[in-house]
Amino acid sequence: MAATEPKTQIFYINLGGGVGDIGATRYAWRGKKGSYDNIAEELGVKIAKDTDTGLCFGINYPAPAKVRISYIGSDGASRSAVRFCEPDKISNVTTGGKLGSKEIKIGTKSFKIYGASLKSN
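Sequential numbering from 32 applies to the sequence shown in my numbering.
#1: On the DSSP letters alone, give me the boundaries of the alpha helix (DSSP H) that Ala-71 sits inside.
#2: By how many angstroms is the C-alpha of Asn-91 removed from the C-alpha of Lys-136?
#3: Looking at the unbroken beta strand (DSSP E) that takes in Ile-103, where does it start and where does it end?
#4: Is the beta carbon of Asp-83 sitting closer than 9 angstroms to the one on Arg-61?
#5: Which one or two residues does DSSP pair with Ser-141 in a beta bridge?
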């Protein structure tokens with residue numbers, strides 16, 4: 032029986048800290064593999080390696096911001112997805128247009144992003 036590839040992976044965002052993220056809290060979570068393809072750098076999200084240490088799972092504070100990413104679905108309707116975003120990157124993502132030429136991966140399909148906003152509760 033052949034081994035199957037995992038469907039999830041571990042991501043993290045550095046919160047706080049100084050130059051070079053020294054002293055930052057590494058907020059970590061398990062998400063669908065590929066859910067940050069093409070947009071991880073703009074959101075400040077990193078894919079964890081097996082050798083990464085100090086990852087904090089399940090903490091409530093501090094927590095990264097969430098952005099709502101808007102895209103047009105395959106049926107032509109407006110859709111959105113929520114993704115974590117490093118606090119220092121929010122302005123570039125929401126008003127700076129950093130995601131404007133990118134695509135977001137939903138499941139196995141990619142869709143053109145047309146906007147992003149800070150998620151409100």
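All C-beta atoms in this analysis are idealised placements derived from N, C-alpha and C, irrespective of residue type, glycine included.
In this structure, then:
#1: 71 to 74
#2: 26 angstroms
#3: 96 to 103
#4: no
#5: Lys-136
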